[in-house]
Amino acid sequence: MSTAALSTKVFPTIRDRRSVGMGIFFLLVALVIVVAFALNSTADMTTRFGLNPGARTNAPRLEDWVLPTQQTLWGLAVVVAFAGGWQLARGFKRVNLALLIVALIFVFAFLTWAARGESMNLLGMISASLLRAAPIAFGALSGILCERAGVVNIAIEGMMLSGAMAAVVVSSIFRNYNAVSKATGEPLFPAWLVSLGQSLEAANLSDAVPWHLLLGLLGAILIGGLLAAFHAWLSIQFKVDQIISGTVINIFSAGMTSFLSQRFLQPMQEINSSGTFKTLQIPGLSSIPIIGPLLFENSFIIFILFILVIAVHIMLFYTRWGLRTIAVGEHPKAADTLGVNVFKMRYINVIMGGMVAGIGGAYFTIGSVGRFDELLTAGKGFIGLAAMIFGKWTPFGAFGASLIFGFADALQVKLQGLGIQQVPISSEFLLMAPYIVTMVVLAGVIGQSIPPAADGQPYEKD
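Residue numbering for the sequence shown follows numbering that gives the first Met the number 0, starting at 0 and increasing by one per position.
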C-alpha cells in the first residue's frame, strides 16, 4: 500500500473534517430550536404571518398564514436534526446548499417563536429586506466591476456618500430653483435653463420619475465616476497602494460632505429637499400575488438595480469586454501579450464601478428620505464589499448576499417593534445584527472565497 493511500485511509481529509463538523453544527441548531424556542412556547400559542404588503397594491389580498407555534417548532427541529444525522452518516453532495436551507429553517423558526401569540407581516419584512439590501447590492456590483479588473476599491463608501449629497443637491436646486434664487438674492439659472427645466417637468412621462430626480441621479453618477477616476489615476498611473488611495477618498468624502452639510445644506433647506422617487407599478406583473408587490412594484432605483445585476452578469461572462476584464484581473501580463490594453481596461472598469456606487449613494437620498444627513451611508459601502466576497465576485451571488445583509437589518427593526417581552434581547444587540452577519461571512463560514489572481496588484508593462 502506498504512503499516499495509507495517509488518506488513516487520516481524515480536511473535507471530511468539515463534513463531520457541519453535521454536528446541524444537530446543535436543532437543539437550539428545541431548547430556546419550542420549550419557551406553549401548546395553545399560534403565530400569524401576514402575506400582504403594508402599502396599497394591485395584487389580490391573501389570507394570513396561521401556524401552531410549538408544533411548528418541533417539526422544524426534527427536520434539522435529520439533516444533521444524514450529514454525519452519508454527507450531502452540496454542503453549502444544505447549510443555506438549515439557516433558512432556523430563521423561520426564530420568527415563528418571536411572533408567538402575535402577528408579523412576513411579506412586508421581505420587502423591507430588499429595500435595505439595495445600497449594499450597488456597492457589491461596484466592487465586482473594479476587482474583476484587478483593482481593489474600498473607496465605495466615500463614493456613495458623495453621490448621496450630489443627488439631493442637484435635484433640490432644479426642483426649488425659485426658492433658491430668492434665498440667495440673485437668479440661480439663466432664463433659458429655467425654461428648459419647466419644459422637462411638464414632459414627465410619469409622476414617479420626475426630471429633477433624474438630473440628481445623473449628478450622483458623475460624482461617483470622478472620484473613481481619481482612484484609478492614483492606483494605475502612479501605482499608489490601492488601500491607501481608497482610504484617502473615504476620509475626503466624509469630511467634505460633513462640511458642506453644516455650511450650506442645514441653514438653507431649499437645497436639501429633493423629494423621492415614488413607487412604480408594472402593469399586469404587479398583480401577481406575493411576487408582484415584491419585484414589480418598487421605486425607479430598485428597478435600475435589477437591470444592473442582470446586465453586469451578461456583460461580464458573455461579452468580449467581460472576458477581457476577467483576463486582466487574473493574468494581466498574458492579456497584454494578446493585445489587451490592461491600463485602459482597468480605467474603464474602475470608473464604471464608481458610477454604480454613485447610484447606490443616490438611493439614500432621492430614493429614500429626500434629504442629506451627515454620514448617512453608515458603512453600507464596506458591507457591500463583504457581500461581493460572500457572492464570490459574481453579480447574482453578490445580490443574494446583499439580501441576507438586508434581511438582518430589517429583522432587527422588526424585532424592536415586537418589544422586549416577545424577544428578550437588548436593542443594542439587535442593532449589531447586520454587522455580526458581516463578520460571520468574512470568517469564511460558507467556504473559502478566492479573489481574482491579480486583485490589488499594480501592473508594470515591460
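The beta-carbon is built from N, C-alpha and C at its ideal position, and this holds for glycine as well.
Values in this document were obtained by computation on a predicted structure and should not be read as measured data.
Own chain, CB closer than 8 Å to residue i, minus 5 neighbours either side, in chain order
i       : result
Leu-121 : Phe-48, Gly-49, Leu-50, Trp-64, Leu-110
Leu-5   : Annotation note: pLDDT 45 at Leu-5 (below 50); position unreliable, coordinate value reported separately. Taken in chain order, the list of residues that qualify is empty.
Ser-244 : Ala-154, His-230, Leu-233, Ser-234
His-330 : Ala-452, Ala-453
Met-119 : Thr-46, Arg-47, Phe-48, Gly-49, Leu-110, Ala-113, Lys-413, Leu-417
Leu-72  : Ile-32, Val-33, Phe-36, Ala-37, Ser-40, Ala-108, Thr-111, Trp-112
Ser-448 : Ile-388, Phe-389, Lys-391, Trp-392
Leu-279 : Ser-205, Ala-207, Val-208, Glu-296, Asn-297, Ser-298, Phe-299, Phe-302
Leu-61  : Leu-50, Asn-51, Pro-288, Ile-289
Ile-13  : With a pLDDT of 49 at Ile-13, under the threshold of 50, the modelled position of this residue cannot be trusted, and the question is left open.
Among the options, the one whose alpha carbon lies nearest that of residue i
i       : options                            : result
Ser-272 : Ala-385, Leu-279, Asn-340, Arg-174 : Arg-174
Val-79  : Leu-221, Asn-348, Met-164, Gly-22  : Gly-22
Phe-107 : Gln-268, Ile-248, Met-124          : Met-124
Glu-296 : Ala-326, Pro-282, Val-31, Phe-24   : Pro-282
Leu-304 : Ala-113, Ile-250, Ala-397, Thr-376 : Ala-397
Ala-231 : Arg-131, Met-158, Ala-385          : Met-158
Ser-260 : Val-168, Val-412, Leu-233, Val-247 : Val-168
Leu-402 : Met-387, Ser-170, Lys-238, Gln-415 : Met-387
Leu-225 : Gly-357, Leu-66, Leu-384, Gly-399  : Gly-357
Asp-335 : Ile-172, Val-19, Glu-459           : Glu-459
Arg-131 : Met-314, Leu-87, Val-412           : Val-412
Cys-145 : Ser-448, Leu-374, Val-311          : Val-311
Ile-143 : Met-431, Pro-394, Ile-424, Asp-15  : Pro-394
Lys-332 : Gly-321, Pro-457, Phe-316          : Pro-457
Leu-307 : Gly-380, Val-34, Gly-138           : Gly-138
Ala-400 : Leu-216, Ala-219, Leu-99, Ser-161  : Leu-99
Gly-380 : Leu-212, Ala-76, Phe-237, Asn-249  : Asn-249
Glu-269 : Thr-278, Ser-257, Gly-369, Val-28  : Gly-369
Val-239 : Val-355, Val-150, Leu-322, Val-33  : Val-150
Leu-160 : Ala-42, Gly-223, Gly-321           : Gly-223
Leu-212 : Ser-170, Phe-24, Tyr-434, Ala-227  : Ser-170
Ile-135 : Gln-415, Gly-215, Asp-461, Thr-376 : Thr-376
Ala-29  : Leu-315, Met-314, Val-77, Phe-428  : Val-77
Leu-384 : Gln-415, Leu-284, Ser-425, Met-438 : Met-438
Ser-257 : Asp-372, Gly-90, Val-19, Arg-89    : Asp-372
Arg-16  : Leu-315, Gly-90, Glu-62, Gln-415   : Gly-90
Leu-216 : Ala-166, Ile-382, Ala-88           : Ala-166
Tyr-462 : Pro-423, Leu-96, Val-422, Ala-409  : Residue numbering for the chain in the displayed model covers 0 to 461; residue 462 lies beyond these limits and cannot be assessed.
Ser-18  : Gln-415, Leu-96, Asp-461           : Leu-96
For residue j and residue i, believed in contact at Cβ under 8 Å, the rounded distance
i       : j       : result
Pro-451 : Gly-353 : With 8 Å as the limit, Pro-451 and Gly-353 do not qualify as a contact, their Cβ atoms being about 18 Å apart.
Ile-301 : Ala-133 : 6 Å
Met-44  : Gly-116 : 5 Å
Ser-40  : Gln-86  : With a Cβ gap of about 27 Å, Ser-40 and Gln-86 do not count as contacting.
Leu-140 : Val-355 : 5 Å
Ser-126 : Pro-52  : 6 Å
Glu-156 : Gly-378 : 7 Å
Leu-374 : Ala-228 : Contact doesn't hold; Cβ gap of about 24 Å is too wide.
Cβ-based neighbour list, residue i, same chain, cut-off 7 Å, excluding 5 preceding and 5 following
i       : result
Leu-26  : Ala-80, Gly-83
Val-436 : Ile-403, Phe-404, Ala-407
Gly-366 : Thr-275, Phe-276, Ser-298, Ile-300
Ile-350 : Gly-224, Ala-227, Ala-228, Ala-231
Trp-320 : Met-314
Residues near residue i in its chain [Cβ-Cβ closer than 6 Å; skip 5 each side]
i       : result
Val-468 : In the structure as shown, the chain starts at 0 and stops at 461, and residue 468 therefore has no counterpart that could be examined.
Ala-148 : Thr-324, Val-327, Gly-328, Met-344, Arg-345, Asn-348
Ala-58  : Ser-286, Pro-288, Gly-291, Pro-292
Lys-8   : The predicted model places Lys-8 with a pLDDT of 48, which falls under 50 and marks its position as unreliable, so this point remains unresolved.
Val-247 : none
Ala-432 : Ala-407, Gln-411
Gly-162 : Ala-219, Ile-222, Gly-223, Gly-357, Gly-360, Ala-361
Ala-42  : Gln-69
Leu-322 : none
Met-0   : Reliability fails at Met-0, whose pLDDT of 46 lies under 50, so the model's placement of it is uncertain and the value that follows must be treated cautiously. For Met-0, where only same-chain residues beyond five positions count, there are no Cβ hits under 6 Å.
Practice task
Decide if the segment 94-106 is in contact with the segment 339-352; the criterion is three or more beta carbon pairs, one per stretch, under 8 Å apart.
Solution key: no
Exercise for the section: Assess, as a yes-or-no matter, whether the segment 346-366 is touched by the segment 257-270 under the definition of 3 or more beta carbon pairs within less than 8 Å. Expected result: Contact between the segment 257-270 and the segment 346-366 is absent: fewer than 3 CB-CB pairs across the two stretches fall below 8 Å.
Practice task
Would you list, in sequence order, the uninterrupted beta strand (DSSP E) runs of no fewer than 3 residues that lie entirely inside the segment 284-344?
Solution key: 296-298
Exercise for the section: Within the segment 202-265, note down every full beta strand (DSSP E) run reaching 3 residues or more, in order along the chain. Expected result: none
Handout entry: Entirely enclosed beta strand (DSSP E) segments - the segment 45-107, minimum 3 residues
Key = If you keep only unbroken beta strand (DSSP E) runs of at least 3 residues inside the segment 45-107, you get 45-49, 64-67.
Problem - Runs of alpha helix (DSSP H) wholly within the segment 115-179 (minimum 4 residues, chain order) - result: As far as the segment 115-179 is concerned, its whole alpha helix (DSSP H) runs of at least 4 residues are 121-146, 155-174.
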